[in-house]
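Before any comments, here is the structure.
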Amino acid sequence: MTTDHLPAPRAILFDLDGTLADTAPDLAAAINLLRARAGLAPTPYDILRPTASAGARGMIGASYGVQPGESGYEALKDGFLNNYEAALAVESRLFDGISAMLEGLQALGLAWGVVTNKAARFTDPLVGQIGLGAAGCVISGDTMAHPKPHPAPLLEAARRLELAPQDCWYVGDDLRDIQAGRAAGMRTVACAWGYCGPVEPQHWKADHLLDTPQALLELVTGVVKAAQARQLAA
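First residue of the sequence shown? That's 1 in full-length UniProt numbering, and the numbers climb one at a time after it.
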């Protein structure tokens, strides 16, 4: 698909877990610590990792087979989240290529921000610890009354950046990210380098599906330069 006709974005917004940062190791450690304290064997990491974007719901579901609303879920959730809060960034890191990609976006004159369903008690300390402190805005799962896939968090991010929603793109590794972006009127990018969950990203109806952060930077650079060329030719 040609992108020469696309209007240039003025900001790129990102999901956090599985998009900018590989946080699965610390999330898995938190759930397995809960199991260890109960005398249970750890859940294998390869079972936990694909559910990391779903946070407590994903970790508890994969490890205990218990879903929200079921007996025992809230106690498991409290224990898991307390463990996680105590060790947020032991092994969590930005994915390879993220730092260079963010620097490239800034060099193009674009703003960038974080919109996550992770609660602020975790998001606020984590972004600084893993190198995302330069974000133009950080919207957490409890910033607004409704988290993603509701568009409200993305619309709030655009408001804080003083941009129209259509001037922003949203990048995420979960179906709800694409649903939220589409509902907010933003161009959407599914990142195949993330956790991606049970539904294959090619079925999410994202505007773009990309394999690496470098591919995202190349796409955005091409769109921006094409828009600049159109302006010069006008």
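Cβ atoms here follow ideal geometry from the backbone N, Cα and C, with glycine treated the same way. Every value quoted in this text rests on a predicted model; they were computed, and no experiment measured them.
Between the region 15-26 and the region 76-95 there are three or more inter-stretch CB-CB distances shorter than 8 angstroms, so the stretches are counted as touching. Of the candidates N83, C168 and L154, C168 places its Cα closest to the Cα of V224. Cβ-Cβ distances below 7 angstroms link Q214 to G97 and M101 in the same chain, with the five nearest sequence neighbours on each side left out; the list follows chain order.
Annotated as proximal: M186 and Y170, with beta-carbon spacing under 7 angstroms. Beta bridge pairing from DSSP links R187 with W169.
In this structure, D78 sits away from D177, with a CB-CB distance that is not shorter than 7 angstroms. F95: not part of any beta strand (DSSP E); DSSP gives it neither H nor E.
Between G136 and G113 the beta-carbon gap is near 5 angstroms, inside 8 angstroms, which marks them as a contact. In terms of CA proximity to P198, G61 leads the group L34, G61 and A8. The DSSP assignment places complete beta strand (DSSP E) segments of no fewer than 3 residues inside the region 103-131 at 111-115, in order along the chain. With respect to the 7 angstroms criterion, S140 and A157 are not classified as neighbours on the basis of their beta carbons.
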